[in-house]
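These protein sequences, in sequence, are chains A and B. Each residue of the first sequence is one higher than the one before, starting from 23 at the first, in our numbering. Each residue of the second sequence is one higher than the one before, starting from 2 at the first, in our numbering. Glycine is no exception: its CB is placed at the ideal position from the N, C-alpha and C atoms. All remarks here apply to the structure that follows.
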Amino acid sequence: MREEIVTMLLQGIGETLYMSVFATLFGYVIGLPWGVALCITGKNGIKRNSGIYFVLDVIANIMRSIPFLILMIMVIPLTIAIVGQSYGSTATIVPLVISAAPMIARMVESSLVEVDAGEIEAVQSMGAGTGWIILHVLLGEGRVSLIAGATISFATILGYSAMAGTLGGGGLGDIAIRYGYHRYDTQIMIITVVLLVVLVQIFQGLGTWVGKKSDKR
Amino acid sequence: MAIVEVKNLSKTFDAAGGTTTALNHINLSIEEGDVFGIIGMSGAGKSTLVRCLNLLEVPTEGQVIVEGKDLTALTNKELREERGRIAMIFQSFNLLQQKNVISNVCVPMMIQGKKKSEAKKRAKELLELVCLQDKARSYPSQLSGGQCQRVAIARALASDPKILLCDEATSALDPQTTNQILDLLKEINQKLKITIIIITHQMSVVQKICNRVAIIDHGEIAEMGEVEEIFTHPKSQAGRVLVIDGTQEVGTSDRQKAVELLKEKKRIRIVFSKNSSYEPVIANMVLAVGKPVNILKADTQDVGGVARGQMILGLPDDADAQEKMIAYLKDHNLAVEEVQA
Ligand SMILES: Nc1ncnc2c1ncn2[C@@H]1O[C@H](COP(=O)(O)OP(=O)(O)O)[C@@H](O)[C@H]1O
Ligand SMILES: [Mg+2]
Chain A
23 MREEIVTMLL QGIGETLYMS VFATLFGYVI GLPWGVALCI TGKNGIKRNS
73 GIYFVLDVIA NIMRSIPFLI LMIMVIPLTI AIVGQSYGST ATIVPLVISA
123 APMIARMVES SLVEVDAGEI EAVQSMGAGT GWIILHVLLG EGRVSLIAGA
173 TISFATILGY SAMAGTLGGG GLGDIAIRYG YHRYDTQIMI ITVVLLVVLV
223 QIFQGLGTWV GKKSDKR
Chain B
2 MAIVEVKNLS KTFDAAGGTT TALNHINLSI EEGDVFGIIG MSGAGKSTLV
52 RCLNLLEVPT EGQVIVEGKD LTALTNKELR EERGRIAMIF QSFNLLQQKN
102 VISNVCVPMM IQGKKKSEAK KRAKELLELV CLQDKARSYP SQLSGGQCQR
152 VAIARALASD PKILLCDEAT SALDPQTTNQ ILDLLKEINQ KLKITIIIIT
202 HQMSVVQKIC NRVAIIDHGE IAEMGEVEEI FTHPKSQAGR VLVIDGTQEV
252 GTSDRQKAVE LLKEKKRIRI VFSKNSSYEP VIANMVLAVG KPVNILKADT
302 QDVGGVARGQ MILGLPDDAD AQEKMIAYLK DHNLAVEEVQ A
């Protein structure tokens with residue numbers, strides 16, 4: 023294979039990882055508190071509040087039902103306001119975060135509602151407040167499930183970042199579109215797809231391994 | 002002054018299918034140093050009552066006064082502080098599964114904001130008290146049920162409580178382990194001067210460590226008093242069923258069985274208590290009267306060489322023999338009462 027193609031593929035991997043990692047990170051900055059709020063205001067939560075739950079729930083549902091490509095176009099003004107341009111890897115992080123956050127919130131919620139109510143009650147009986155319970159019981163005891171959720175989120179975001187390539191987002195998706203779709207270069211397209219699969223495999227394996235390691239049950 | 006006073010406490014639950022009255026105007030007074038039993042059948046309202054004592058469940062009506070403070074009148078923050086003085090252990094232990102034993106014991110001290118090094122030190126002492134110092138680095142999943150409950154007890158003691166609430170703390174354990182845990186609780190009561198409130202459906206638990214007991218039935222206190230007295234002469238229907246079928250879990254079918262047991266002919270219940278004698282009294286009675294009896298139920302334990310517990314005897318039809326037998330038993334310091342359904 024020609025050297026420039028290898029360089030291009032390596033750069034593609036770099037961009038894909040850059041977008042996915044930062045989008046996951048910022049996604050959690052928004053999605054984690056969101057998911058915690060969903061959990062504690064929900065039906066069996068420690069701060070039940072059907073009004074707040076309803077609002078958070080509806081927003082998550084609406085945002086999750088918008089297809090990613092359409093969302094990407096919709097948020098272009100916001101992307102330009104934040105990043106200064108609407109194309110390239112950094113710009114793609116904005117719609118990635120917006121689309122990942124509600125998904126992450128749901129993932130976090132479903133991990134946390136599984137935490138044993140008895141354990142929560144026990145620390146409440148010792149006088150623990152809401153903050154302590156969130157930090158040490160919900161997040162601490164829900165850790166394994168949270169890690170599994172993070173792995174799934176990352177793989178999903180990686181897939182989205184490839185999709186973003188169709189709109190000039192950079193990364194492996196961008197290469198696949200340019201060579202495979204516009205130039206009928208099936209070989210390069212297949213290579214990028216294989217690389218995407220390998221990346222997902224690596225992170226899935228890593229996530230599973232970390233999750234297992236940290237599970238003391 | 003009583004350490005825990007419950008005044009006119011009621012709790013109703015609103016559900017889609019209508020309201021349930023779990024507790025109906027309960028009044029209780031528990032003295033400092035008591036090992037107080039609250040016994041009742043499944044669904045009687047025991048858990049709801051004990052959860053009202055630290056306000057995990059907010060009463061619909063009434064007051065819970067602990068050490069002179071009305072818990073229902075405290076602010077959230079004051080209540081959280083007060084909970085440090087009222088520890089609780091549970092049927093399912095409720096240890097944090099992802100933390101090791103010593104970290105679990107540290108939890109109440111972390112909540113109270115103690116320094117980590119101090120907490121660790123105290124936790125080690127507590128683990129010694131419950132004989133688990135060698136399990137400090139283990140995780141709950143690696144321990145047996147009895148060991149988990151010991152960790153839970155050590156954890157409960159970590160906040161230096163004055164009161165320990167136990168909700169069916171031994172119900173998930175086998176009889177031998179149950180006895181070990183009860184011995185430990187007794188020791189804690191005596192050495193550390195902690196008032197213990199025990200919720201259970203097993204009369205044997207109450208008999209073993211409680212000095213006072215309240216019988217709860219359908220959300221109401223059916224009767225209350227010294228354990229010895231209630232065990233010997235239960236007055237309420239719920240009390241009789243619990244006492245007579247005391248060693249087993251009393252569900253509706255067991256209740257039916259206990260009622261069946263009390264039908265038919267002349268039956269007496271005798272109670273072996275503190276002052277019962279050493280001799281094999283039933284055998285001697287049969288020899289003395291010259292007529293056989295039917296032992297319908299025997300539930301006695303050997304306590305220091307003396308039988309403690311109860312028996313239900315079916316007497317021969319002969320009225321004269323019946324009288325002689327009852328007289329014989331009374332002569333031997335046994336409490337005798339006729340039983341009927
Ligand atoms: N959170 C709840 N919501 C509705 N009903 C409840 C709730 N907790 C308890 N109850 C009802 O209150 C009654 C007493 O329950 P509980 O205190 O758990 O009994 P026990 O511990 O003696 O078995 C039962 O009829 C039960 O169904
Ligand atoms: Mg119960």
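Within chain A, the residues that B:Phe91 reaches when beta carbons sit closer than 7 Å: Reading the second sequence from its first residue, position 90 is the one you call residue 91 of chain B. Those are Gly140, Ala144, listed as they occur along chain A.
Are the CB atoms of B:Leu316 and B:Lys267 nearer to each other than 9 Å? Counted from its first residue, the second sequence places residue 316 of chain B at position 315. Counted from its first residue, the second sequence places residue 267 of chain B at position 266. Yes. Within cutoff.
Could you tell me whether the region 144–153 of chain B touches the region 173–184 of chain B, where touching means 3 or more Cβ pairs closer than 8 Å? yes
Does DSSP classify B:Ser139 as helix, strand or coil? Looking up residue 139 of chain B in the second sequence gives position 138. Coil, per DSSP.
Hey, is A:Ala70's beta-carbon within less than 9 Å of any beta-carbon in chain B? Position 48 of the first sequence, counted from the start, is the residue given in the question as residue 70 of chain A. Checking the displayed sequence, the identity of residue 70 of chain A turns out to be Arg instead of Ala. For A:Arg70, the answer is no, since every Cβ of chain B falls outside 9 Å of its Cβ.
Hey, does A:Ser133 have any beta-carbon neighbour from chain B nearer than 9 Å? Taking the first residue of the first sequence as 1, we reach residue 133 of chain A at position 111. Judged by the 9 Å Cβ criterion, A:Ser133 is not in contact with chain B.
B:Lys298, DSSP secondary structure in three states: Counted from its first residue, the second sequence places residue 298 of chain B at position 297. The answer is strand: DSSP assigns B:Lys298 an E or B state.
How close, in whole Å, do the beta carbons of B:His202 and B:Gly41 come, if the pair is a contact with beta carbons under 8 Å? One-based indexing of the second sequence puts residue 202 of chain B at position 201. One-based indexing of the second sequence puts residue 41 of chain B at position 40. Yes, they are in contact, since the Cβ atoms of B:His202 and B:Gly41 sit about 7 Å apart, within 8 Å.
Can we count B:Ile39 as close to ligand 2, meaning its CB is less than 8 Å from some heavy atom? Sequence index remark: in the second sequence, residue 39 of chain B carries index 38 (1-based). B:Ile39: no, Cβ never under 8 Å from ligand 2.
Assign A:Val220 to buried or exposed, taking buried as 16 or more other Cβ atoms, counted over all protein chains shown, within 10 Å of its Cβ. Here residue 220 of chain A is taken as the residue at index 198 of the first sequence, counted from 1. Classification of A:Val220: exposed, given that the 10 Å Cβ count is below 16.
According to DSSP, simplified to helix, strand and coil, what is A:Thr46? By one-based count along the first sequence, residue 46 of chain A stands at place 24. Note: A:Thr46 maps to helix in three-state DSSP.
Presumed contact (8 Å Cβ cut-off) between B:Leu297 and B:Ile283, rounded CB distance: Translated into the one-based positions of the second sequence, residue 297 of chain B becomes position 296. Translated into the one-based positions of the second sequence, residue 283 of chain B becomes position 282. The Cβ separation is near 12 Å, so there is no contact.
Going by DSSP, which residues form a beta bridge with B:Ala215? As a position in the second sequence, residue 215 of chain B is number 214, starting the count at 1. Paired residue(s): B:Ile39, B:Met225.
Could you compute how far the alpha carbon of A:Phe44 sits from the alpha carbon of B:Ile31? Locating residue 44 of chain A in the first sequence gives position 22, where the first residue counts as 1. Locating residue 31 of chain B in the second sequence gives position 30, where the first residue counts as 1. About 59 Å.
Just to confirm before moving on: does the CB-CB distance between A:Ala144 and A:Gly229 stay below 9 Å? Within the first sequence, numbered from 1, the residue matching residue 144 of chain A stands at position 122. Within the first sequence, numbered from 1, the residue matching residue 229 of chain A stands at position 207. Not closer than 9 Å, so no.
Cβ distance (whole Å) where B:Met89 is taken to contact B:Ala159 below 8 Å: As a working note, residue 89 of chain B is residue 88 in the second sequence. As a working note, residue 159 of chain B is residue 158 in the second sequence. Contact doesn't hold; Cβ gap of about 12 Å is too wide.
Could you check if A:Glu143 belongs to the surroundings of ligand 2, using beta carbon to heavy atom distance under 8 Å? Taking the first sequence and counting its residues from 1, the one referred to as residue 143 of chain A is at position 121. No.
Own chain residues within Cβ distance below 6 Å of A:Ile102, not counting five before or after: Looking up residue 102 of chain A in the first sequence gives position 80. Here the set comprises Ser108.
Which chain B residues sit within Cβ distance under 9 Å of A:Val159? In the first sequence, counting from the first residue as 1, residue 159 of chain A sits at position 137. Going along chain B in sequence order, the residues near A:Val159 (Cβ under 9 Å) are Leu97.
By how many angstroms is the C-alpha of A:Val166 removed from the C-alpha of A:Ser236? By 1-based counting over the first sequence, the position of residue 236 of chain A is 214. By 1-based counting over the first sequence, the position of residue 166 of chain A is 144. Answer to the nearest angstrom: the Cα atoms are 7 Å apart.
Can the beta-carbon of A:Ile155 be found less than 9 Å from the beta-carbon of A:Gly57? One-based indexing of the first sequence puts residue 155 of chain A at position 133. One-based indexing of the first sequence puts residue 57 of chain A at position 35. Their beta carbons are not under 9 Å apart, which means A:Ile155 does not touch A:Gly57 by this criterion.
Would you check whether ligand 1 has a heavy atom nearer than 8 Å to the C-beta of B:Ser93? The count along the second sequence starts at 1 and reaches residue 93 of chain B at position 92. Not under cutoff, so the answer is no.
Could you check if B:Ser43 is buried or exposed, using at least 16 other CB atoms within 10 Å of its CB as the buried criterion? On the second sequence, position 42 is the one that residue 43 of chain B refers to. Exposed, by the Cβ-count rule.
The beta strand (DSSP E) spanning B:Ala336 covers which residue range? Here residue 336 of chain B is taken as the residue at index 335 of the second sequence, counted from 1. From DSSP, the beta strand (DSSP E) with B:Ala336 extends over 336–339.
Listing by chain order, which chain A residues have their CB less than 9 Å from the CB of B:Glu79? Your numbering for residue 79 of chain B matches position 78 in the second sequence. Here the premise fails: no neighbours, minimum Cβ distance about 10 Å.
When every heavy atom of ligand 2 is checked, does at least one fall within less than 8 Å of the C-beta of B:Ile198? Working through the second sequence from its first residue, we reach residue 198 of chain B at position 197. B:Ile198 Cβ: outside cutoff for every heavy atom of ligand 2.
Does the beta-carbon of A:Thr38 have 16 or more other beta-carbons within 10 angstroms, so that it is buried, or is it exposed? As a position in the first sequence, residue 38 of chain A is number 16, starting the count at 1. Label assigned to A:Thr38: buried.
B:Gln64 - DSSP class collapsed to helix/strand/coil: As a position in the second sequence, residue 64 of chain B is number 63, starting the count at 1. DSSP places B:Gln64 in strand when its eight states are reduced to three.
A:Ser132 CB to nearest heavy atom of ligand 2 below 8 Å: Here residue 132 of chain A corresponds to residue number 110 of the first sequence, with the count starting at 1. Every heavy atom of ligand 2 is 8 Å or more from the Cβ of A:Ser132, so no.
So is the beta-carbon of B:Lys47 under 8 Å away from any non-hydrogen atom of ligand 1? Counting from 1 along the second sequence, the entry for residue 47 of chain B is found at position 46. Result yes, Cβ under 8 Å from ligand 1.
B:Ile164 and B:Leu24: beta carbons closer than 9 Å? To locate residue 164 of chain B, count along the second sequence from 1; it is residue 163. To locate residue 24 of chain B, count along the second sequence from 1; it is residue 23. No. Outside cutoff.
If you scan the region 106–146 of chain A from start to end, which runs of the alpha helix (DSSP H) of 4 or more residues do you find wholly inside it? 111–134
Taking Cβ positions only, does A:Ala170 come closer than 9 Å to chain B? Position 148 of the first sequence, counted from the start, is the residue given in the question as residue 170 of chain A. With 9 Å as the cut-off, A:Ala170 does not count as an interface residue toward chain B.
With 16 other CB atoms within 10 Å as the buried threshold, where does A:Met129 fall? One-based indexing of the first sequence puts residue 129 of chain A at position 107. Burial call: buried.
Using the rule of at least 16 other Cβ atoms within 10 Å of the residue's Cβ for burial, across every protein chain shown, is B:Ile189 buried or exposed? In the second sequence, counting from the first residue as 1, residue 189 of chain B sits at position 188. With 16 or more Cβ atoms within 10 Å of its Cβ, B:Ile189 is classed as buried.
Could you check which residue in B:Gln208, B:Val242, B:Ile217 has the C-alpha nearest to that of B:Glu229? As a position in the second sequence, residue 229 of chain B is number 228, starting the count at 1. For B:Glu229, the nearest C-alpha among the options comes from B:Gln208.
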